[in-house]
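The structure appears below as structure tokens.
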Amino acid sequence: MGKALALMLVLLAVGTVLLFVGQDTWWFPQNHSVHGSAIDAQFMRTLVVVGIAFVGAQVALGYAVFRFGRKGDARAVYSHGSTRLEITWTLITAAIFIAIAVLGQRVWAQLHLNDAPADSVKVSVVGQQFQWNFHYPGADNEFGKTDPKFYDDSTLNFVGVDPSDAKGRDDVQATTLLIPVNRPVELTLRSKDVIHSLFIPHMRIKQDAVPGLAIRVHFTPTQVGRYEIPCAELCGNNHFNMKSFLLVLTEEEYSDLATKPDEEFKTRLGELLQQYK
């Protein structure tokens, strides 16, 4: 029984490694953002380190089961251990994982702590149960004032634009995120009720929208197309149905759309959603 269990542990470790070696068939979708390659590299570094630790632990466990698992075999000896060895492997483990964390923080900081480039396209995002709302500044390229007291789903004022602010009269609200290709985009995320999470796998972007906070994140898309945006944070009984789409357009398509009034904007948006389906 001990030998069979030891063999099973080793096969489990080998099978798990093989699954990740063949990751091209089921791993992340193809990267379509400037920063995505750095995100993928960080995942691989973490995966390799954790994989080595996992295989080492399973092989050691398998050996222990094989060597000491049957009656009459050599018995394991209880030991208080070695303080020197414990300090050594603790320091080595800490150094490895701190190094990985520092490398990962560099990528994260570029997107979250550094200011977006001056020419970034700015979009305000408001999450609610169970819908994503995207707020565009309209033809004047200036956002109107918003305030939670103006939230009114019955009049489609999902983001709370102040009706008395002249700058907000040409603003557009939609449930689709529209951005131009090869230009930096800055999103400002808010939530009206509970925590939501904006997830765009092809862009390697995942950011929570937290009630009471305005959270900024920026990225640069590199490929036109249509991409699904699910909510990646359990937010209620219809969480499964909270999704939207990102349309990455050519510069000409985006410039034409950005200057259209609300009705024409939404008509053209419907056409583009079908075009890039």
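Using the numbering used here, the letters of the sequence shown correspond one by one to residues 29 to 305.
Note that beta-carbon positions come from the ideal geometry of N, C-alpha and C, so glycine has one too.
Remember, it's a predicted structure, so these values are computed and weren't measured experimentally.
Taking 9 Å as the cut-off, the beta carbon of Ile257 is found closer than this to the beta carbon of Trp160.
The beta strand (DSSP E) runs of length 3 or more contained entirely in the stretch 115–196 are, from start to end of the chain, 149–156 and 159–164.
In the DSSP assignment, Leu277 forms a beta bridge with Pro208.
Partner residues in the beta bridge of Cys259, as assigned by DSSP, are Leu226.
Put simply, the backbone Cα of Gln156 is about 47 Å away from that of Val38. Going by beta carbons, Val209 and Leu277 fall inside the 9 Å limit. The shortest C-alpha to C-alpha distance from His246 to any of His140, Leu131 and Arg112 is the one to His140. Proximity of the stretch 234–244 to the stretch 205–220 meets the contact definition, three or more beta-carbon pairs being nearer than 8 Å.
Taking C-beta atoms as the reference points, Ala34 and Gly84 fail to come closer than 9 Å.
By the Cβ rule, the stretch 223–233 counts as touching the stretch 262–274, because three or more pairs are nearer than 8 Å. Note that the C-beta distance between Gly172 and Val189 is below 9 Å. Leu119 counts as exposed, since fewer than 16 other C-beta atoms from the protein chains shown sit within 10 angstroms of its C-beta. In the three-state reduction of the DSSP assignment, Asp284 falls in the helix class, which pools H, G and I.
Between the stretch 104–114 and the stretch 54–70 there are fewer than three inter-stretch CB-CB distances shorter than 8 Å, so the stretches are not counted as touching.
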